[in-house]
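Q:
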Amino acid sequence: MKLYDYYRSSAAYRVRIALELKGLEVEHVPVHLGRGEQRRPEYMAKNPQGLAPALELDDGTVLTQSLAIIEYLDALQPEPRLVPADPLLAAKVRAIALAIACDIHPLNNTRVQAYLQNELGQSRETVDKWVHHWVLTGGLEAIERLIDPAPFCFGATPTLADVVLVPQLFAARRFATPLAHLPKVLAVDARCADHPAFQAAHPSRQADAE
Ligand SMILES: N[C@@H](CCC(=O)N[C@@H](CS)C(=O)NCC(=O)O)C(=O)O
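In the numbering used here, the protein residues as written are 4 to 213.
Structure below.
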């Protein structure tokens, strides 16, 4: 399998954590988002959304959308399970993952920030204010109230909730989002930082890191 990846893409980082947790090896193919490689025709042919990540299977099938890719990996190799078998717990885990992937991340994505600055003429300061507002309000501040760390978001082992939360915190720090008022979220992040799979997937450990 090939993962079309970019070291500091939080969506690609989610998939890297899932692969590491499951011990699955892939070839990493860097797509430099800063240079716009995601919009090259060769890449658009694989992912018509022009976003990272994409996972190309050995038969050439290409999967897009990080959560769909992770659910595929969870079905392919069920241990360790990232979406719990218990339906109630699964719903709680998916709620965190979806809150981040659907409600937070799209508002701090590169293309959204670039549009605010370049097309709508907003200053970097205003864009940072936008990012902080949408990442925190109804976002990480709500997640602080939804998780139940023990020590991961929902128990003794990482789930999809942790896999999606950690990259969002990496992105939040990149844009200097204040996080000190989120002790439960920070405790989960600190626990994950000690886990070898999360360490191996960290942006700073990727071959294309700058
Ligand atoms: N919902 C998508 C989001 C993918 C996404 O937005 N990827 C970002 C990097 S984190 C990207 O490729 N951005 C490039 C751009 O905005 O042009 C997923 O989960 O895979």
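For each residue, glycine too, the CB sits at the ideal point set by N, CA and C.
1) How do the stretch 192 to 207 and the stretch 52 to 66 stand: do at least 3 beta-carbon pairs fall below 8 Å, yes or no?
2) DSSP three-state label for V34, please.
3) I need the DSSP call for D192, collapsed to helix, strand or coil.
4) Taking the straight line between their C-alpha atoms, what separation do you get for D89 and E128?
5) At a threshold of 7 Å, does R114 count as lining ligand 1 (C-beta to nearest heavy atom)?
6) Looking only at its own chain, which residues have a Cβ that is under 7 Å from the Cβ of R84, when we skip the five neighbours before and after it?
7) Determine the contact status of Q171 and I73, defining contact as a CB-CB distance below 8 Å.
8) Is any non-hydrogen atom of ligand 1 found closer than 7 Å to the C-beta of L22, if you look at the structure I gave you?
A: The short version:
1) No, they do not touch.
2) If DSSP states are grouped into helix, strand and coil, V34 belongs with coil.
3) In this structure, D192 counts as helix in the three-state DSSP scheme.
4) Each residue's CA atom was taken as its position, placing D89 and E128 some 44 Å apart.
5) True, at least one ligand heavy atom lies under 7 Å from that Cβ.
6) In the same chain as R84, and ignoring 5 residues on each side of it, the C-beta atoms closer than 7 Å to its own belong to D77, in chain order.
7) It is not a contact, given that the beta carbons lie outside the stated cut-off.
8) It does not: the Cβ of L22 is nowhere closer than 7 Å to a heavy atom of ligand 1.
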